[in-house]
Amino acid sequence: MVRNRWLKFLLLYAGGVLVSLSQLKLVPIQNELGSELGVSLSTVSWLMSIFTVSGIFLAVPGGTLVTRFGPKKLLIGLMGCLAIGNIWGAISTMFCSLLVSRALEGISFSMIIMVGIVFIHFWFHESNSGIPTGLWGTFSALGSMLAMNLFKPLVQAYGLRSLWFLIAGLSVLLLCLFFFLLDEPKNQSIVEQKRMSGSFKKAIENKSIWLLALAQGCMAFILFAFINLYPQIYRQQYGLSESLANSYTGYFGLFGIPFGALAGYLIDRTKKGQVMIFCSFLLMLAATFWMGYLSSNVTFIMQLFALSAGASLSSSCVMILAPKVVKQDRLIGASVSFINLFYYVGIFVGTPIVTKFSEGEQSWQNSIYLLSGIGVIALLAVVGFIKLNNENVLS
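Residues are numbered in this note's numbering as their position in the sequence shown, beginning at 1, plus a constant of 115.
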C-alpha cells in the first residue's frame, strides 16, 4: 500500500482522466468514424451520448453499491468495465455493436465521481478535503484537453482503433495498480455510511433539490453539447481548419482545470452562495449566446474562457449549496444522487438533440439559440432556488 495520500490521489486522478479520455475519444474523430460505419454525424453523436446511459440508471443506486462492496472493489470493477468495453469496441465493425460497447464503457463514468469523493474524504478527512475535492473535479477538463490534442495524431499514425486498444491497455494497468496500492475505509466505516444513508423518497420531497437538479441538468446539456460539438461548429460555422478547431476545443479543457480547482475556494472566500450561483449561471448563459457571434481569434478564446469558467463555477455552486438546503444530514447522499441523475440525463440527450436540430435547420446558429434557451431555463431554476431559500444563509 502507498502511504502518501497525495500519491494515492494522483493515482486515483489518473483513473478519472482515463475515464474522461474514453468518453471523449470520439470527438476529434467523428468524421472518420462516421465514414467507416457509413452513418451520419447525428447518428455518431449517439455513440458519444450512450456513454452516459449507465449513469442514468446507476446514479441513484451508486451509493448503495459503494456501501455494499467498498470503494476499492467498485473502482477495480469500473476499470474492468472500461477495459472490456474498449476491447469490445476495438473489434466492433457494426454500429449497434459499437453502441453496446460504449454503454459498457460508460459504467465507469457513472460512478467514478462518487467513488473518488469517498476515497478523498477517507484519505484527507473532511477538514482537509477542500483542495483535493476541487482538483478531483478537473479530471474531465484535463481529459478533454488531452483528447483533443493527442488523439487525432495517434489515429493518423496508428489507425482508428488504436485509441480503443490504448485505453484498454491503460485500464488494465490502472486496475492492477489500484489493487496493490490503494487502501479504503474499514468495514466499520462502510457500515456507518450505510446507517447514515438517507431515504431517496424523502430527499426528493425537497423543492430546492429539484430546482438545483434542473439547473445542473441544463448545465450538463450545454457543457457536453459544446465539448462534443465545438469542432463541428468551428469548422462549419466559422470555416476553421480541423486541426485549429480541435486545438481551440482543447483550450476549453485547459481553461476548465484552474477554474475547477479554484471554484470551491472562491465560493468559500466570498461567503455569498446565492450571488455566486446566480452570477455563474448568468455567465454560462452569456457565453453560450456569444458563441453565435464570434468574429476573431481573440473572441474565440474569450468565449471558451467564459463558458469554461461559467460551467465550472455553476456545477461547483450546485454541489456546494445542495447539502446546505437538506434538512437532515442523512439525506445528503440521496439528494446529491438525485442531482447527478439530472446531470447524466443532460449529458445523454444534449448532443443528439443539438446535432439533429442543426441538421434540420442546416445551421448551427439556431442550435446555439436552442442551447441559450436551455441556459435560460437553468437561470430561472436558480432564481427559483434563491427565492425559495431567501431567508436562509447559503454561504
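Positions of the beta carbon are idealized from the N, C-alpha and C atoms, including for glycine.
With 16 as the cutoff for other CB atoms within 10 Å, does Met406 come out buried or exposed? buried
Quick check: the Cα distance between Asn505 and Phe294, rounded to an integer number of angstroms? 48 angstroms
Gly371 versus Gly258 - alpha carbon distance: 11 angstroms
Beta-carbon proximity check, Phe254 vs Gly131, cutoff 8 angstroms: yes
Tell me whether Arg276 sits in a helix, a strand or coil according to DSSP, three-state version. coil
Find out if the Cβ-Cβ distance for the pair Leu81, Val230 is shorter than 8 angstroms. Nothing can be reported for residue 81, as the shown portion of the chain is limited to 116 through 510.
How about Leu436 and Gly388: do their beta carbons lie closer than 8 angstroms? yes
Assigned secondary structure, Lys387 (DSSP; H/G/I helix, E/B strand, else coil): coil
So, helix, strand or coil for Ile348, using DSSP? helix
What do you get for Lys322, buried or exposed, if any count of 16 or more other CB atoms within 10 angstroms of its CB means buried? exposed
Please check the pair Leu296 and Met194, which I expect to be a contact at CB under 8 angstroms, by giving their CB distance rounded to whole angstroms. Going by Cβ atoms, the distance from Leu296 to Met194 rounds to 13 angstroms, so no, they are not a contact pair.
Spatial neighbours of Phe339 within its chain, please: CB distance less than 7 angstroms, with the 5 preceding and 5 following residues excluded, ordered by chain position. Ile462, Gly465, Thr466
Close-in-space but distant-in-sequence residues of the same chain around Ile348 (CB under 6 angstroms, 5 per side omitted): Trp479
Could you tell me the boundaries of the alpha helix (DSSP H) in which Lys187 lies? 186-206
Whole-angstrom distance between Asn361 and Phe341, CA atom to CA atom: 12 angstroms
Gln81, buried or exposed, once every other Cβ within 10 Å from all chains shown has been counted against 16: Within the shown structure, residues of the chain are numbered from 116 to 510, placing residue 81 beyond reach of any answer.
Identify which residue in Val440, Leu122, Ser356 has its Cα closest to the Cα of Ile235. Leu122
Select from Gly354, Glu151, Val497, Ala174 the residue whose C-alpha is nearest the C-alpha of Leu400. Val497
Could you tell me whether the Cβ atoms of Val159 and Leu148 are closer together than 8 angstroms? yes
Relative to the alpha-carbon of Leu398, which residue among Gly170, Val215, Leu419, Ala174 has its alpha-carbon at the smallest distance? Leu419
Any heavy atom of the ligand COA inside 7 angstroms of the beta-carbon of Ile235? For the structure depicted, the ligand COA is absent and the ligand set is empty, with no information on it obtainable.
Label Gln303 either buried or exposed according to how many other C-beta atoms from any shown protein chain fall within 10 Å of its C-beta, with 16 as the threshold for buried. With a pLDDT of only 47 at Gln303, under the threshold of 50, the placement of this residue in the model should not be trusted; the figure read from the coordinates follows. The residue in question, Gln303, is exposed, as its Cβ has fewer than 16 Cβ neighbours within 10 Å.
Could you give the distance in angstroms between the alpha-carbon of Leu369 and the alpha-carbon of Leu428? 15 angstroms
Between which two residues does the alpha helix (DSSP H) containing Val230 stretch? 210-239
So for Asn455, helix, strand or coil by DSSP? helix
Please classify Glu474 as buried or exposed, where buried requires at least 16 other C-beta atoms within 10 Å of its C-beta. exposed
Just curious, the alpha helix (DSSP H) that Gly488 is in, first and last residue? 479-503
Decide if Leu127 is buried, meaning its Cβ has at least 16 other Cβ atoms within 10 Å, or exposed. buried
If I measure Cβ to Cβ from Met260 and keep anything under 7 angstroms in the same chain, skipping five residues before and after, which residues do I get? Gly365, Gly368, Leu369
Phe336 and Ile489 closer than 8 angstroms at C-beta: yes
8 angstroms is my cut-off, CB to CB: does Phe472 come that close to chain D? You won't find chain D in this structure, because it holds only one protein chain.
Excluding the 5 residues flanking Thr385 on each side, which residues of the same chain have their C-beta closer than 7 angstroms to its C-beta? Met391
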